[in-house]
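In the working numbering, the protein residues as written are 249 to 319. Shown next, in C-alpha cells, is the structure this report addresses.
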Amino acid sequence: MIPIGTFLCTMTRNVPLNNALERVSPETAMAAETWSRYVPAWTTWNTVRTLAALASAALFTLALVQRARAE
C-alpha cells in the first residue's frame, strides 16, 4: 500500500506543481512569485513522498525478517 501512496503523492502533488512551473516563462515578473510558492510546496510533498518510500522499505524489510524467522 505504501508504494501506491508514494505514486499517488507524486501524481497528485509533485507533477501538477511541476506542470504549473513549466507554464511560467522565466523572464516574467510572475516567475519569481511562482517560484517562491513552488519551492516550499514541492519540498513538503517531496518529503512526504520520501518518508512514504522509506516506510515502505522498512516494512518490507521487517516482513522479510519475520518470514525468515518463521521458516
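Beta carbons are placed, not taken as given, at the ideal position from N, Cα and C, and that holds for glycine. Nothing here was measured: the structure is a model prediction, and the numbers come from that model.
Applying the criterion that 16 or more other CB atoms from any shown protein chain within 10 Å of the CB defines a buried residue, is residue i buried or exposed?
| i | result |
| --- | --- |
| ALA300 | buried |
Can you give me the C-alpha to C-alpha distance between residue i and residue j, rounded to a whole angstrom?
| i | j | result |
| --- | --- | --- |
| ARG261 | GLU319 | 41 Å |
| THR254 | TRP293 | 10 Å |
| LEU256 | LEU302 | 15 Å |
| VAL313 | ILE252 | 22 Å |
| THR276 | TRP290 | 21 Å |
Would the beta-carbon of residue i fall within 7 Å of that of residue j?
| i | j | result |
| --- | --- | --- |
| VAL272 | ALA279 | yes |
| ARG285 | THR258 | no |
Pair every Cβ in the segment 265-275 with every Cβ in the segment 302-313, then say whether three or more of these pairs are closer than 8 Å. no
Can you list, in chain order, the stretches of the alpha helix (DSSP H) that have 4 or more residues and sit fully within the segment 272-312? If only complete runs of 4 or more residues are kept, the segment 272-312 shows no alpha helix (DSSP H) anywhere.
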